[in-house]
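Working notes, beginning with the structure itself.
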Amino acid sequence: MGRYFFSKLIQSLLLLFGVLFLVFMMVRVTGDPAALMMSREASPEQMEAFREEMGFNDPVLVQFKRFMGGAIQGDFGNSLHFKTPALPLVLERLPATVQLASVGMLMAILIGIPIGLVGGFTPGSVMDSFGRLIALIGQSVPNFWLGLMMILYLGVRLGWFPTFGRDQWNSVIMPAFVLGLPVMGQLVRLTRSAVLEIRGEDFVRTAHSKGLEPRTIYIKHVLRNVAIPLISVIGVQFGYMLGGSIYIEAIFSWPGMGGLLEQSIGWRDFPLVQAIAVFTSLIVLMLNLLTDMAYSIIDPRIRYGR
Amino acid sequence: MADKETKTNQTVDSLLDTEKTFKDRLAYFGRFLWRDRSGVIGLVVFLIVVFAAVFAPLITSQSPFDQDLRSGKMPPAWKEEGSWEHPFGTDSLGKDIFSRVIYGTRVSLMVGLFGVLIAGILGMLIGAIAGYAGGRLDAAIMGGVNLILSLPYLLFVVFIATVLGRSLLNVILIFGITDAPIFARVTRGEVLRIRESGYVESAISAGARWPTIIFEHIIPNLIGPLITLATFEMSAMIFYEAGLGFLGLSVPPNEYPTWGNMLAAGRKYMTSYPWMAAFPGLAIMFTSLGMNLLGDWLRDVLDPRMRRSRK
Numbered sequence: 124m125g126r127y128f129f130s131k132l133i134q135s136l137l138l139l140f141g142v143l144f145l146v147f148m149m150v151r152v153t154g155d156p157a158a159l160m161m162s163r164e165a166s167p168e169q170m171e172a173f174r175e176e177m178g179f180n181d182p183v184l185v186q187f188k189r190f191m192g193g194a195i196q197g198d199f200g201n202s203l204h205f206k207t208p209a210l211p212l213v214l215e216r217l218p219a220t221v222q223l224a225s226v227g228m229l230m231a232i233l234i235g236i237p238i239g240l241v242g243g244f245t246p247g248s249v250m251d252s253f254g255r256l257i258a259l260i261g262q263s264v265p266n267f268w269l270g271l272m273m274i275l276y277l278g279v280r281l282g283w284f285p286t287f288g289r290d291q292w293n294s295v296i297m298p299a300f301v302l303g304l305p306v307m308g309q310l311v312r313l314t315r316s317a318v319l320e321i322r323g324e325d326f327v328r329t330a331h332s333k334g335l336e337p338r339t340i341y342i343k344h345v346l347r348n349v350a351i352p353l354i355s356v357i358g359v360q361f362g363y364m365l366g367g368s369i370y371i372e373a374i375f376s377w378p379g380m381g382g383l384l385e386q387s388i389g390w391r392d393f394p395l396v397q398a399i400a401v402f403t404s405l406i407v408l409m410l411n412l413l414t415d416m417a418y419s420i421i422d423p424r425i426r427y428g429r
Numbered sequence: 578m579a580d581k582e583t584k585t586n587q588t589v590d591s592l593l594d595t596e597k598t599f600k601d602r603l604a605y606f607g608r609f610l611w612r613d614r615s616g617v618i619g620l621v622v623f624l625i626v627v628f629a630a631v632f633a634p635l636i637t638s639q640s641p642f643d644q645d646l647r648s649g650k651m652p653p654a655w656k657e658e659g660s661w662e663h664p665f666g667t668d669s670l671g672k673d674i675f676s677r678v679i680y681g682t683r684v685s686l687m688v689g690l691f692g693v694l695i696a697g698i699l700g701m702l703i704g705a706i707a708g709y710a711g712g713r714l715d716a717a718i719m720g721g722v723n724l725i726l727s728l729p730y731l732l733f734v735v736f737i738a739t740v741l742g743r744s745l746l747n748v749i750l751i752f753g754i755t756d757a758p759i760f761a762r763v764t765r766g767e768v769l770r771i772r773e774s775g776y777v778e779s780a781i782s783a784g785a786r787w788p789t790i791i792f793e794h795i796i797p798n799l800i801g802p803l804i805t806l807a808t809f810e811m812s813a814m815i816f817y818e819a820g821l822g823f824l825g826l827s828v829p830p831n832e833y834p835t836w837g838n839m840l841a842a843g844r845k846y847m848t849s850y851p852w853m854a855a856f857p858g859l860a861i862m863f864t865s866l867g868m869n870l871l872g873d874w875l876r877d878v879l880d881p882r883m884r885r886s887r888k
């Protein structure tokens, strides 16, 4: 058990190192980082001064050591736009993004799983068709577009919800719904197919044949097993929501990391983009690790299987 | 598979008559397609999109580039001030939105098609090597694959696009390369599964050489899952390309009309002229819906195990 967690932890650390390496290489390999960060009108002298200031003239290995050393201490350099360290700027925006993703995930779980359960227990029913429709919509509707349309119709025309910002209690509802919709669709699909699959398993048939009450069978045998794949998807998708909220935050002017990312792309503020990318990857990796652990606690087969 | 076996037993002639078996197979797919109506819808939608991309100049006489400020911000034809000259209205510069939506299929399909081709070929090679070699090489390759797959994909793509700058080639390359790990993972899994299956084992024990095993057994069995995956990935790439365009990271806006760029431009006029953003969004939704339905159907039809269970 301890050994399994330990090897997972080491794997995550290696992945984190890989992320840092990728980010570092990407900026250097594709050409002159100064050209990337400075405006096109900058004079050659300005460019040279900038290169010197940022240390781009040093040997790559020295730069890499400095980058890694800084990154480990949480130092990603100064934001070019704000002229202050990049990481605190990101951390400042973290709570808003976490709130958005949490509410979105909660909506997806509370709506998606029950619909999927009903669909799985009564395949072919009206509710099942409805669930499959939701799954299809969640898969196919571009969420940035859906966000715009909701702002227009529910926000501006009907005035039900605020159209931007995070100041009112119900500000979070529209962006969270849009962010959660693809996950909702996925949960419907997954719950449905898991219920269908497990209902056909031998142990469920045995439970029926030894005369257990259907309710006990559903709760003790079916639902517990359905929970296993769901937990892994919820964990992984939560990470994707944190990283994928960029459009939704931009559209709804939500003051989170995604909105900051959109702005920093516009400013060509590379240290800030870099800090957001690395920090979000770190959170996602941690979430994946936690999911793996939760997974192996619930499902002993994973711990002992290898 | 079952009906093919009975046929083999009937006569040797019908076995050699490849045209007939191909036709039979086609007819079989056709019957299956018809039984699953959502598959028909998916296929029709996909064909419409391909048709629109290829025959764009025949569908609309309006140029997607012509600006005419006097007829700018015109609403769609069915609104009071609209005219059938511009069925979906015009954008802020007076460009015809209908023809831009139609021409927009070209960039979307190009990104989807070439992106999937690159990702598929790269991923298949990597996955096949990992699956066939096994051992340390396999572990190293899959480590890299898992690294990329565990990253927040959208963020990763946005980051690369920011570094590389906007151009059609860059977008195709970004999707082609970042998507290869998914193909690699699926290919590796399938190769391992097929290698350990009973029929490959019996082929080996019957004395088949490795080229026979690869070309006769492994590749034909790989094609089904990979085509299904390619459909879903193509749909995802079209989706993500629009997203990049929306953030201003895809093809430069004055080069060629794309749905993402249209959305980004329309967003500014959202409250007063909603049609500018509505139509490109509907186009993305239409395409994505069709391709997902098609992918679902292909998954069922190309996987014999699923086929049997659906009967």
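So the protein lines, in turn, are chains A and W. Residue numbers are given in the working numbering: position 155 of the first sequence equals residue 278, and the series is strictly consecutive. Residue numbers are given in the working numbering: position 114 of the second sequence equals residue 691, and the series is strictly consecutive. For each residue, glycine too, the CB sits at the ideal point set by N, CA and C.
Under the 10 Å beta carbon count, F632/W is surrounded by fewer than 16 other beta carbons and is classified as exposed. Here S387/A is buried: its Cβ has 16 or more other Cβ atoms, across all protein chains shown, within 10 Å. Residues are counted here when their Cβ sits less than 9 Å from a Cβ of chain A; for the stretch 713-735 of chain W these are G720, G721, N723, L724, I725, S727, L728, P729, Y730, L731, L732, F733 and V735, given in chain order. When beta bridges are read from the DSSP output, T667/W appears opposite D673/W. In the DSSP assignment, T220/A falls within the unbroken alpha helix (DSSP H) covering A209 to F244. The residue from I754/W, Y730/W and E662/W with its alpha-carbon nearest to that of L702/W is I754/W. Taking C-alpha positions only, M160/A is separated from G697/W by approximately 33 Å. Setting aside the 5 residues that flank it on each side, V722/W is surrounded in the same chain by P758, A761 and R762, each with a C-beta closer than 6 Å to its C-beta; the list follows chain order. In the same chain as T682/W, and ignoring 5 residues on each side of it, the C-beta atoms closer than 6 Å to its own belong to V626, A629 and A630, in chain order. When only Cα atoms are considered, S638/W and G666/W end up about 14 Å apart. Judged by DSSP secondary structure, A783/W falls outside any alpha helix (DSSP H); it is assigned neither H nor E.
Shortest Cα-Cα distance from R174/A to any of R189/A, V185/A and A158/A involves A158/A.
N293/A carries a helical assignment under DSSP once its states are collapsed to helix, strand and coil. In this structure, A194/A and L143/A form a Cβ contact; the two beta carbons are roughly 5 Å apart against a cut-off of 8 Å. In this structure R312/A is buried. Its beta-carbon is surrounded by 16 or more other beta-carbon atoms within 10 angstroms. CA-to-CA, the gap between T414/A and L132/A works out to about 12 Å. Between L302/A and the set I238/A, G227/A, V327/A and I342/A, the nearest pair of CA atoms involves G227/A. Taking 8 Å as the cut-off, the Cβ atoms of A854/W and G843/W count as close.
Bounds of the alpha helix (DSSP H) holding Y363/A are R347 to G367.
For the stretch 849-871 of chain W, residues whose beta-carbon sits nearer than 9 Å to a beta-carbon of chain A comprise P851, A854, A855, P857, G858, L859, I861, M862, F863, T864, S865, L866, G867, M868, N869 and L870. Chain order gives no chain W residues near Y127/A, where near means a beta carbon separation below 8 Å; the closest approach is about 17 Å.
Under the three-pair Cβ rule at 8 Å, the stretch 261-269 of chain A counts as touching the stretch 865-879 of chain W. R762/W: member of the alpha helix (DSSP H) spanning L745 to R772, first to last residue. Annotated three-state conformation of N411/A is helix, per DSSP. Judged by beta-carbon spacing, V241/A lies beyond the 8 Å limit of Q309/A, meaning their Cβ atoms are not closer than that value. DSSP places T864/W in the uninterrupted alpha helix (DSSP H) bounded by W852 to L879. The three-state secondary structure of N180/A, taken from DSSP, is coil. When the five nearest sequence neighbours on each side are left out, the beta carbons in the same chain lying within less than 6 Å of the beta carbon of A819/W are those of W836, G837 and I861, in order along the chain. Within the stretch 811-823 of chain W, S812, F816, A819, G820 and F823 place their CB atoms closer than 9 Å to a CB of chain A, listed in sequence order. The continuous alpha helix (DSSP H) containing T329/A extends over residues D325 to S332. By the neighbour-count criterion, in which a residue is buried when 16 or more other Cβ atoms sit within 10 angstroms of its Cβ, K188/A is exposed.
Judged by their CB atoms, F190/A and F147/A are nearer to each other than the 8 Å cut-off. The stretch 246-258 of chain A makes no contact with the stretch 285-302 of chain A; the number of CB pairs closer than 8 Å stays below 3.
Using a Cβ-Cβ cut-off of 8 Å, T314/A does not count as an interface residue toward chain W, since no Cβ of chain W sits closer than that to its own. Remark: three or more beta-carbon pairs, one from each stretch, lie closer than 8 Å, so the stretch 406-420 of chain A and the stretch 719-738 of chain W are flagged as touching. In terms of Cα proximity to I706/W, the closest of F623/W, F816/W and I791/W is I791/W.
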